[in-house]
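Presented below is the structure to which this report refers.
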Amino acid sequence: MAVIINGKELAQKVRLEQKEKVEKLKSRGINPKLAVIMVGNDKASEVYVRNKSKACDEVGIAFEEFLMPEDITEEKLLSLIEELNNRKDVHGILLQSPIPKHLDIRKAFNTIDYRKDVDGFHPINVGKLCIGEKSFVSCTPAGVMRMLEEYKIEVQGKRAVVIGRSNIVGKPLSQLLQNANATVTVCHSKTQDIEKIAKEADILVAALGKAKFVTANMVKQGAVVIDVGINRNEEGKLVGDVDFENVEPIASYITPVPGGVGPMTVAMLMANVVKATENL
Ligand code: NAP
247 MAVIINGKEL AQKVRLEQKE KVEKLKSRGI NPKLAVIMVG NDKASEVYVR NKSKACDEVG
307 IAFEEFLMPE DITEEKLLSL IEELNNRKDV HGILLQSPIP KHLDIRKAFN TIDYRKDVDG
367 FHPINVGKLC IGEKSFVSCT PAGVMRMLEE YKIEVQGKRA VVIGRSNIVG KPLSQLLQNA
427 NATVTVCHSK TQDIEKIAKE ADILVAALGK AKFVTANMVK QGAVVIDVGI NRNEEGKLVG
487 DVDFENVEPI ASYITPVPGG VGPMTVAMLM ANVVKATENL
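Going letter by letter, the sequence shown gives residues 247 to 526 in my numbering.
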């Protein structure tokens, strides 16, 4: 029987910590503000942005939303980002992805001032993470590290396997685990013998977006299993990348979906906005 890592409860704790920091900032006349840019009307993005807005409300961070039309030109999008870079009252800038195909998302992310880059996507922040300097870290990986820390799960010297190498989850998380002195293997869609590699993990992270991909035969007895995936099963229910029912009896710790990594992402965004405000 594994310990179920309670992301919902921990996220609440992180939000409370941030609320206290925001109150201190406000007592000094500093009002943290997050600016969120959304282009077009992607339904999932609308839900994500609403959740971020609610979290800001709870923590006391001001929230300004910029809803841009689907056919916005790249020039206009970049000039909005520049304007927000220059605004003294805006401490964090977030461009909600996806954005329409005619826009170069990398160019847009790179235009955000790295000191306001609360998503941690700017190359300066990514580079700092790689060389182990303080930086803004992408919120989901930061949330996973906080979970490990909170549950006092030893990372140093452990064998970690991360399935998935995206720029927002797999890559930064594998770097963070390495920075914390784990020995890290990253698997992706071209990896061979993934079952064998996964089974060697003391800490196994599934971040690929395939329901029930991690089955019991891929998990070592006593492994820590972190499920980043968010998928919908045939009944429309939210499920992770791990076959929870069959893996949980083997693992020592496991994150559920929902209620695991998901809530941590927004909580860590709040922490990044507070950090951006304190830094400026
Ligand atoms: P992504 O950009 O689609 O990347 C998926 C990664 O998984 C890629 O590196 C891909 O390999 C790898 N992959 C795909 N199929 C594979 C397979 N059969 N075997 C091994 N590796 C495979 O996805 P993402 O943005 O990282 O998100 C991953 C999952 O996490 C999704 O379910 C997403 O919804 C969820 N997510 C959750 C949160 C949260 O807050 N909990 C936040 C972000 C994302 P290649 O590089 O070779 O293509």
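Glycine residues also receive a C-beta, built at the ideal position from the N, C-alpha and C atoms.
No experiment lies behind these values; they were computed from the predicted model shown.
Beta bridge counterpart(s) of residue i as assigned by DSSP
i	result
G338	L280
D363	I339
M314	V285
N477	V485
F309	L280
A406	V430 and I449
I500	I250 and V471
Distance, residue j Cα to residue i Cα
i	j	result
E263	S343	27 Å
K347	N356	17 Å
C195	K398	Lying before the first or after the last residue shown, residue 195 is absent from the chain, which here runs from 247 to 526.
K267	M516	11 Å
V295	G275	27 Å
A301	Q438	41 Å
E255	V493	22 Å
R333	F367	20 Å
G506	L526	32 Å
N468	K442	The amino acid occupying residue 468 in the given sequence is Gly; Asn does not appear at that position. The straight-line gap from Cα to Cα measures roughly 16 Å.
M514	V260	7 Å
V465	P495	10 Å
D365	A462	33 Å
L341	K353	12 Å
K265	V249	28 Å
S420	N252	22 Å
L375	N479	35 Å
T429	G373	20 Å
G508	A290	14 Å
N297	Q258	13 Å
L326	K521	23 Å
A281	L324	14 Å
E395	M247	21 Å
Y360	E328	12 Å
I527	E292	Nothing can be reported for residue 527: it is not among the residues displayed for the chain, which extend from 247 to 526.
Inter-residue CB distance, residue i and residue j (contact presumed, cutoff 8 Å)
i	j	result
V336	K279	5 Å
I339	I345	Contact doesn't hold; Cβ gap of about 14 Å is too wide.
L422	M391	5 Å
N331	K362	7 Å
G416	A453	5 Å
V519	I307	5 Å
V503	I476	7 Å
P418	P369	Not really, about 12 Å apart at Cβ, beyond 8 Å.
G389	N427	Between N427 and G389 the Cβ distance is about 20 Å, and since that is not below 8 Å, they are no contact.
Within-8 Å CB hit, residue i to chain C
i	result
K404	In the structure shown, chain C does not exist; there is a single protein chain.
Requested in this report: Could you pull out every unbroken beta strand (DSSP E) segment of at least 3 residues lying fully inside the stretch 440-475, listed in chain order?
Outcome: 449-452 and 470-473
Query raised in the report: Do the stretch 447-454 and the stretch 404-416 make contact, defined as three or more Cβ pairs closer than 8 Å?
Result: yes
Query raised in the report: Is the stretch 279-286 close to the stretch 302-314, with three or more CB pairs under 8 Å?
Result: yes
Requested in this report: Decide yes or no for the touch test of the stretch 493-505 against the stretch 466-481: beta carbon pairs closer than 8 Å, at least 3 of them.
Outcome: yes
**Report entry** Any 3 or more C-beta pairs closer than 8 Å across the stretch 315-330 and the stretch 374-390
**Finding:** no
Query raised in the report: Can at least three beta-carbon pairs, one atom from the stretch 452-467 and one from the stretch 482-497, be found at a separation below 8 Å?
Result: yes
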